[in-house]
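Down below is the structure, laid out as structure tokens.
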Amino acid sequence: LYFLGSCFFSNNRSVINHELVQFLEQIEEVGSYDWGAITYAAFLAGMRRKVTGEMGAFTGFWPFLLFWAFEYLNIFRPNIAIGDVFPRAIRWSRPRTFSSADFSDFVATRCQLDYIDEAQVTWQPYLGSTEFGSTAMLSTKLLAGKRVPFSSVDTWEYYLGERCRRQLGLSCRVPLPPPEKMHGTNAVAPEDAIGVGRSADDLVMDERVEYASWFAAHSIGRIVDVSRFLGGLTVGSKVLAHWMSTHHPNMMLIPQSEYEAMAEARDAAIAECMKLREELAWAKGHSKGETLTSTKAQVRLMSDEE
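Residue 205 in full-length UniProt numbering sits at position 205 of the sequence shown, with consecutive numbering throughout.
Now the structure itself:
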């Protein structure tokens with residue numbers, strides 16, 4: 001009970017959920033429970049509560065997120081010269097960072113998520129697994145491609161397979177809106193019964209809807225607010241400078257204050273230029289008027305002489 005409660009269903013109070021007791025009363029049936037689904041639902045609940053600010057701590061089986069990052073995101077993998085020498089258990093002891101010691105920092109690694117390239121993501125790390133093609137793997141992929149509510153000890157949470165298409169080897173498509181209610185207690189069943197169990201291909205928009213534009217409009221913005229961390233602004237600027245030097249070597253980063261000063265000087269120069277143009281136009285018009293008057297006077301004089 002302690003192992004399950006503290007490891008897979010942890011909370012922010014350092015106590016074990018009493019509802020776990022009923023699952024362990026019939027000890028001979030414990031092995032028949034789908035602990036993977038129950039644990040995953042608790043993980044989804046913990047992630048939701050963390051990102052919405054309901055809880056400050058990430059509850060549930062949070063190491064799952066680390067394992068996922070190791071497999072999918074190249075920037076989190078350790079840079080080991082001779083990988084076979086290191087036991088698998090400690091290969092992830094430190095994240096893979098830039099060659100500079102300035103980037104051997106957890107904040108820097110998180111900052112890189114805002115500038116990660118598509119080529120740095122391993123969308124299907126399981127392709128090289130010896131289990132690939134097995135019955136269990138095929139069943140898992142089939143389930144992963146659907147909209148499914150997973151039930152845990154005291155809650156159910158939606159998994160939206162239509163938003164994980166790239167991980168299933170499918171193309172990027174704009175997903176349909178999620179269910180109005182994404183979670184609830186086990187006493188109340190999910191309301192969106194129509195979407196439950198539907199394939200990811202049935203829950204996306206037409207191919208003509210551009211994914212990049214949709215994502216830009218619905219993105220939550222930056223993943224990490226570097227201003228909240230001690231030295232975060234310095235680390236963030238170094239990460240951004242490294243990304244710019246790689247992707248836009250001909251562009252130069254400048255401080256915001258310097259940019260604002262340059263913009264103010266530009267606006268002043270434009271205003272001065274417009275003023276000079278107006279004065280020049282007036283001067284040309286005035287000069288033209290004087291020339292015309294002089295010409296008329298000469299013509300009149302010539303007429304008088306005749």
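Where a beta carbon is used, it is the ideal one built from N, C-alpha and C, also for glycine.
Please read all numbers here as calculations on a predicted model, not as lab measurements.
- With the rule of 3 Cβ pairs closer than 8 angstroms, the region 2 to 14 counts as touching the region 37 to 48.
- The DSSP-derived three-state label of Lys-146 is strand.
- Taken atom to atom, the span from the alpha-carbon of Glu-29 to that of Gly-133 is near 30 angstroms.
- Annotated three-state conformation of Gly-128 is helix, per DSSP.
- Secondary structure of Gly-36 (DSSP, three-state): helix.
- Looking at Asn-74, Gly-56, Ala-57, Met-47, the one whose alpha-carbon comes closest to that of Leu-65 is Met-47.
- Taking 7 angstroms as the cut-off, the beta carbon of Gly-184 is found no closer than this to the beta carbon of Gly-161.
- Annotated three-state conformation of Gly-56 is coil, per DSSP.
- Straight through space, the alpha carbons of Asp-201 and Ser-139 are spaced by roughly 17 angstroms.
- A Cβ-Cβ separation of about 23 angstroms leaves Tyr-115 out of contact with Val-174 under the 8 angstroms criterion.
- Following the DSSP letters along the chain, one finds Tyr-159 inside the beta strand (DSSP E) bounded by residues 156 to 160.
- Inter-residue distance for Gly-60 and Trp-35 is about 13 angstroms (C-alpha atoms, whole angstroms).
- By the neighbour-count definition (other C-beta atoms within 10 Å, threshold 16), Leu-203 is a buried residue.
- Nearest to Glu-157 by C-alpha distance, out of Arg-228, Ser-199, Phe-43, is Phe-43.
- The distance from the Cβ of Gln-124 to that of Gly-169 is about 6 angstroms, consistent with a contact at the 8 angstroms cut-off.
- Annotation for Asn-11: Thr-59 place their beta carbon closer than 6 angstroms to its own, counting only its chain and skipping 5 residues before and after.
- Take the alpha-carbon of Ser-14 and the one of Ala-57: they are about 11 angstroms apart.
- By the beta-carbon neighbour count (other beta carbons within 10 angstroms, threshold 16), Pro-177 is exposed.
- In the three-state DSSP reduction, Ser-213 falls in the helix class (H, G or I).
- Pairing Val-209 with Asn-17 gives a Cβ-Cβ distance that is not under 7 angstroms.
- Shown here, Ser-171 sits in coil according to DSSP, grouped into three states, outside any helix or strand.
- Listed as beta-bridge partners of Leu-73 by DSSP are Val-121.
- The straight-line gap separating the alpha-carbon atoms of Arg-147 and Asp-206 is approximately 18 angstroms.
- The shortest C-alpha to C-alpha distance from Thr-52 to any of Pro-249, Asn-250, Met-182, Ala-281 is the one to Met-182.
- Assignment of Gly-184 by DSSP, reduced to helix, strand and coil, places it in the strand class.
- A direct Cα-Cα distance of roughly 28 angstroms separates Asp-117 from Met-137.
- The straight-line gap separating the alpha-carbon atoms of Pro-179 and His-218 is approximately 16 angstroms.
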